[in-house]
Amino acid sequence: MRGQEPNAGCGTWQPSCNLFSVRKWIQPEYPKGCQVDAHHIDALIEPTRVHGSLYTDPEIFAAELETIWYQTWVYVGHESEVPAANDYVRKNIGPQDVIMVRGADGVVRLMLNRCSHRGNKVCTEASGNSGTFQCPYHGWNFRTTGELIGYPYPEGYGGRGQLDLGLAQVSRVDSHEGFMFGSLSPDGPTLTEHLGDAAGELTRLTKLSPTGELDLSTGWLRHSAKANWKFIHENETDGYHPQFVHGSIFSVADSGIGALYSENSTAVTRDLGNGHSENDLRPEFRRLGQPLGWFGTTADRLPDYVAAMQTRHGDATDEILIEGAPHVMIFPNLFVAEISIFVLQPLAVDHTVQHVTAVQFKGAPDINKRMLQQCIGSVGPAGLLLADDSEMYERNQIGVGQRSPEWLDIRRGIDRETTDEHGHLIGGATDETGMRAFWSHYRELMTHA
Amino acid sequence: MREATGPEATAVPESMRRSVEAFLFREARLADEHAYGEWEALWTDDALYWVPAADDTDPMAHMSVIHDNRRRIMTRIKQLETGKRLAQAPPSRLRRMIANVEIAAPVDGADFEVQANFVVYEARESGTRSWAGRVTYRLRPHNGEWLLSYKKVDLVDRPWNLPTLAFLI
């Protein structure tokens with residue numbers, strides 16, 4: 168598999184290597200002659216190490232799009248981004264341009280941004296409100312349900328209403344706590360099955376809202392990295408890196424984050440199944456025992472928010488406010504980092520965009536203001552945290568282009584893992600349990616093991 | 010179409026124009042050369058350093074690329090000064106051009122508003138890229154010199170994906 172030029176993977180993409188018909192969302196058949204097949208992938212993933220070509224081989228990336236991104240549930244957007252009928256936002260599933268729109272009937276749909284006539288974009292604005300999408304090329308007009316309303320000069324088609332050519336819908340759409348997921352495959356596990364116990368982490372986040380609802384409408388930063396998406400996915404619940412990558416900010420701003428990821432931390436890293444993982448920081452927050460300690464503040468600084476929470480949650484309020492927000496990576500692209508929401512968009516084997524916005528709670532202006540400003544300071548291209556993470560992804564990507572050692576090590580903490588009361592593997596705060604969770608599920612999807 | 014947002018065309022005394030431009034050029038040079046302490050000393054105590062992420066946004070209600078009050082400017086500078094801000098270790102090699110300087114008519118008691126176009130070349134081991142846009146500055150006279158109370162950087166490419174922006178823009 169190596170022995171060729173660095174970064175060359177198993178060769179350039181050939182038409183004969185057309186792995187799967189894009190039209191059929193079926194379990195892929197790897198054709199003869201293509202070096203990317205289940206056996207090839209299987210040989211690249213071991214319990215304690217993964218092969219560098221997984222991050223550099225364009226054929227593996229193409230196979231991932233078909234086998235993971237265009238099959239499994241992928242996070243697309245939040246219902247609060249399209250609150251009113253005919254509100255729309257441009258979203259994505261990897262390189263696919265997706266329109267998320269609330270129809271006049273109130274139903275949120277996901278459609279591909281491709282005119283059914285000649286393939287032009289029917290939606291060019293990032294967001295807006297419109298009762299129709301009109302293709303600029305020949306004026307074909309679509310409802311926000313995707314239905315083709317009409318086309319100019321209809322006599323050329325034998326009259327009006329002769330064509331059954333609506334916009335392509337994402338095959339399956341489902342949501343949890345307002346988080347909308349789409350699957351481009353008509354078949355497969357349900358969203359509930361896919362999320363498994365990770366669903367509870369999203370519920371935990373919404374419990375911190377005094378109305379039980381989030382409002383993700385402050386806009387998105389789009390942070391581009393010349394790196395494979397898996398480096399980013401793995402980093403999100405890697406509790407080993409913060410002391411080093413973020414040492415510069417920990418040393419000048421006493422946020423308390425650093426201690427959560429030290430060797431003495433009581434936090435755990437959890438394999439939530441189906442590729443999901445989390446850094447469960449609750450043991451540390453419980454030890455601190457301070458409501459809003461997770462947010463680096465105290466209840467008296469946010470009296471309106473705390474009062475509203477008490478109205479909703481009564482005696483349970485203190486526990487909710489002590490345990491705080493989750494730090495969970497939901498396979499393959501939704502990362503909740505306490506006060507920030509990240510969405511991964513792979514564009515090429517060495518190019519990924521992280522879309523990021525602030526967590527905001529409906530009906531909580533005082534904490535929202537602080538969460539927004541703290542999020543802005545931390546994330547995105549100039550973020551005091553994320554700029555440094557992104558630098559690491561990019562150096563990793565260059566690094567795996569070097570010829571040897573060919574493998575990346577993911578063994579940290581494997582001999583000190585235990586199983587929690589729900590049957591999930593847990594490792595220490597700085598252990599690579601999350602990475603192993605990712606690769607185990609990845610291998611299952613890519614090799615149908 | 011959107012309305013033009015520039016300052017009213019105005020004729021300020023030539024000596025003031027020269028003084029304002031000299032300040033802008035100095036601020037640019039200090040940022041280019043990572044002279045962090047001197048750059049930080051240009052700011053007033055009530056300063057705001059803002060790089061919006063979209064057109065027509067309210068920085069208290071929407072995401073921004075940078076939205077630093079004076080305290081966060083200090084944190085940003087301290088982080089850079091550690092030498093371990095990895096996205097700037099090693100620092101980018103930078104040079105920027107400031108042009109099309111327009112100075113608004115002075116208003117009594119208010120800071121001077123100045124706008125200018127800029128282009129920065131940022132060179133790193135991973136490659137060279139350019140950043141461009143328009144800056145709005147607010148300058149305040151202090152002991153015969155200027156201080157910077159406000160700097161808003163409107164990037165031309167902000168609607169789309171941006172790479173890491175860890176230097177002082």
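Taken in order, these protein sequences are the chains called X and R. Numbering of the first sequence is given in the numbering used here, commencing with residue 168 and proceeding in unit increments. Numbering of the second sequence is given in the numbering used here, commencing with residue 10 and proceeding in unit increments. Just so it is clear, CB atoms sit at the ideal spot from N, CA and C, and this is done for glycine as well.
Taking the CB atoms as reference points, tell me whether residue i and residue j lie closer together than 9 Å.
i, j, result
"R579 (chain X)", "E599 (chain X)", "yes"
"E401 (chain X)", "G601 (chain X)", "yes"
"L539 (chain X)", "A70 (chain R)", "yes"
"G46 (chain R)", "E90 (chain R)", "yes"
"W240 (chain X)", "G349 (chain X)", "yes"
"A604 (chain X)", "H443 (chain X)", "yes"
"R143 (chain R)", "F121 (chain R)", "no"
"A113 (chain R)", "V129 (chain R)", "no"
"R583 (chain X)", "G594 (chain X)", "yes"
"W461 (chain X)", "E213 (chain X)", "no"
"M267 (chain X)", "E248 (chain X)", "yes"
"G406 (chain X)", "T436 (chain X)", "yes"
"L375 (chain X)", "V523 (chain X)", "no"
"E558 (chain X)", "L95 (chain R)", "yes"
"W307 (chain X)", "P499 (chain X)", "no"
"E445 (chain X)", "V516 (chain X)", "no"
"T491 (chain X)", "L459 (chain X)", "A small correction: the amino acid at residue 491 (chain X) is Gly; Thr does not occupy that position in the sequence shown. Taking 9 Å as the Cβ cut-off, G491 (chain X) and L459 (chain X) qualify as a contacting pair."
"Y159 (chain R)", "W48 (chain R)", "no"
"G244 (chain X)", "H390 (chain X)", "no"
"L57 (chain R)", "L39 (chain R)", "no"
Would you kindly report the start and end of the unbroken beta strand (DSSP E) that includes residue i?
i, result
"H390 (chain X)", "388 to 392"
"T299 (chain X)", "299 to 301"
"N446 (chain X)", "443 to 447"
"S73 (chain R)", "73 to 78"
"N122 (chain R)", "Correcting the residue identity first, residue 122 (chain R) is Glu in this sequence and not Asn. Run containing E122 (chain R): 121 to 133, per the beta strand (DSSP E) assignment."
"A108 (chain R)", "102 to 112"
"G425 (chain X)", "Counting along the chain, G425 (chain X) falls outside any beta strand (DSSP E), though it belongs to the alpha helix (DSSP H) covering 424 to 427."
"V60 (chain R)", "52 to 61"
"W140 (chain R)", "136 to 151"
"V340 (chain X)", "339 to 343"
With residue i as the anchor, note down where its alpha helix (DSSP H) starts and where it stops.
i, result
"W48 (chain R)", "45 to 49"
"T370 (chain X)", "366 to 374"
"G349 (chain X)", "Careful: G349 (chain X) lies outside any alpha helix (DSSP H), inside the beta strand (DSSP E) at 346 to 350."
"E380 (chain X)", "Counting along the chain, E380 (chain X) falls outside any alpha helix (DSSP H), and DSSP gives it neither H nor E."
"H361 (chain X)", "358 to 362"
"A230 (chain X)", "225 to 231"
So what's residue i in DSSP terms, helix, strand or just coil?
i, result
"R190 (chain X)", "Here the model assigns R190 (chain X) a pLDDT of 33, short of 50, so the residue's position is not dependable, and the following value carries that caveat. Note: R190 (chain X) maps to coil in three-state DSSP."
"I212 (chain X)", "strand"
"N402 (chain X)", "helix"
"S507 (chain X)", "strand"
"R631 (chain X)", "Since the first residue of chain X shown is 168 and the last is 616, residue 631 (chain X) is not available in this structure."
"K93 (chain R)", "coil"
"I416 (chain X)", "helix"
"P22 (chain R)", "coil"
"P173 (chain X)", "Residue placement at P173 (chain X) is flagged as unreliable, the pLDDT there being 34, under the threshold of 50; a coordinate-derived value is accordingly withheld."
"K160 (chain R)", "strand"
"V523 (chain X)", "strand"
"R327 (chain X)", "coil"
"H518 (chain X)", "strand"
"H206 (chain X)", "helix"
"W155 (chain R)", "strand"
"F528 (chain X)", "strand"
"V217 (chain X)", "strand"
"V116 (chain R)", "coil"
"V29 (chain R)", "helix"
"L455 (chain X)", "helix"
"L334 (chain X)", "coil"
"Y242 (chain X)", "strand"
"L39 (chain R)", "helix"
"L539 (chain X)", "helix"
Would you grab the beta carbon distance between residue i and residue j for me? Rounded to a whole angstrom, and I think it's under 8 Å.
i, j, result
"I208 (chain X)", "M613 (chain X)", "5 Å"
"Q238 (chain X)", "M278 (chain X)", "So it is not a contact: roughly 18 Å between Cβ atoms."
"L174 (chain R)", "T53 (chain R)", "Wrong, their Cβ atoms sit about 23 Å apart, outside the cutoff."
"L330 (chain X)", "Q527 (chain X)", "Contact flag wrong, Cβ pair sits at about 42 Å."
Under 7 Å Cβ-Cβ, which residues of chain A neighbour residue i?
i, result
"S101 (chain R)", "Note that chain A does not occur in the displayed structure, where the protein chains are X and R."
Next on the checklist: So within the segment 542 to 609 of chain X, which uninterrupted beta strand (DSSP E) runs reach at least 3 residues, ignoring any that extend past its ends?
Outcome noted: 574 to 576, 592 to 595
Next on the checklist: Could you tell me which whole beta strand (DSSP E) segments of length 3 or greater appear in the segment 244 to 319 of chain X?
Outcome noted: 254 to 260, 263 to 269, 275 to 279, 294 to 296, 299 to 301, 308 to 310, 315 to 317
Next on the checklist: Which runs of the alpha helix (DSSP H) at least 4 residues long sit entirely within the segment 468 to 514 of chain X? Give them in chain order.
Outcome noted: 470 to 480, 484 to 490
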